[in-house]
Structure formats: structure tokens, C-alpha cells
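Chemist: In this note's numbering, the protein residues as written are 13 to 108. The structure is given below, and queries will be raised subsequently.
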Amino acid sequence: MARRILIDFETTPEDADLNFRIWIFAEDLYRALRSNELASLTLDEVDRVSSQLIIPIRSKRRVHRTAAVIEQVLEQHFLTQIARLSVTDEAGQPVD
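Rendered as C-alpha cells:
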């Protein structure tokens, strides 16, 4: 069964600077995932990013590698303190 990684950001709509930083993060993550062919993230999803980003993963074997890439890009953008990652199945149920 396929998996998804959810990235929840602690932000408010009024915090324009932080929201812009999250959008830049999402663009860099899009490029990183595309070059590694680990997960699918579209530019439409990047453009709509706000307080949550959902990343479908093609294979459950790639969850840990994808999470590592996400964490690396979060660190590069100094967003690790406001982001929380979780893994769910296609139905949105949490998995280990």
C-alpha cells in the first residue's frame, strides 16, 4: 500500500515572511524529490502550500529515504522547529 508524508507547519496566514519561506522550501523540495525520483510533488501543490504539504510516495520502501531528504531540505531552510512530519496510508490513517 502506498504511503504519504504529511508536513504540518506551525504558521498563521498573517505571517507573510514565514509563509514565503515555506513556499521557497516547497520549491526546493520539489526539485530534490524530482531529481531523486523518490516521491511525486507537483508544482500546483507547491504553489498551494500553506500550513500543510502532502507528499505521495510511490513505494513504501522509499518512505525513510524520502523523509531524510525532507528533513535535509527543512534544515537548509531553517524550518525544522516549525515542521512536524508524519506518515499515513492512502486513507490518511497514521502508520509506523
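The beta-carbon is built from N, C-alpha and C at its ideal position, and this holds for glycine as well.
With 8 Å as the threshold, decide whether the Cβ of Q93 is near any Cβ in chain D.
Modeler: The structure shown contains no chain D; it is built from a single protein chain.
Chemist: Report the option in L50, T54, S63 whose CA atom is closest to the CA atom of T24.
Modeler: Answer by Cα proximity: S63.
Chemist: Using 10 angstroms around the beta-carbon of L78, count the other beta-carbons present and answer buried if the total reaches 16, otherwise exposed.
Modeler: The amino acid occupying residue 78 in the given sequence is Thr; Leu does not appear at that position. That one is buried.
Chemist: Tell me the DSSP secondary structure of S98 in three-state form.
Modeler: Note: S98 maps to strand in three-state DSSP.
Chemist: For L41, which residues of its own chain have a beta-carbon under 7 Å away from its beta-carbon, when the five flanking residues on both sides are left out?
Modeler: Cβ neighbours of L41 beyond the five flanking positions: L53, I82, V85.
Chemist: Identify the continuous alpha helix (DSSP H) that holds F32 and give its terminal residues.
Modeler: Element bounds for F32: 28 to 48.
Chemist: Mind checking who Q64 pairs with in its DSSP beta bridge?
Modeler: D20, per the DSSP bridge assignment.
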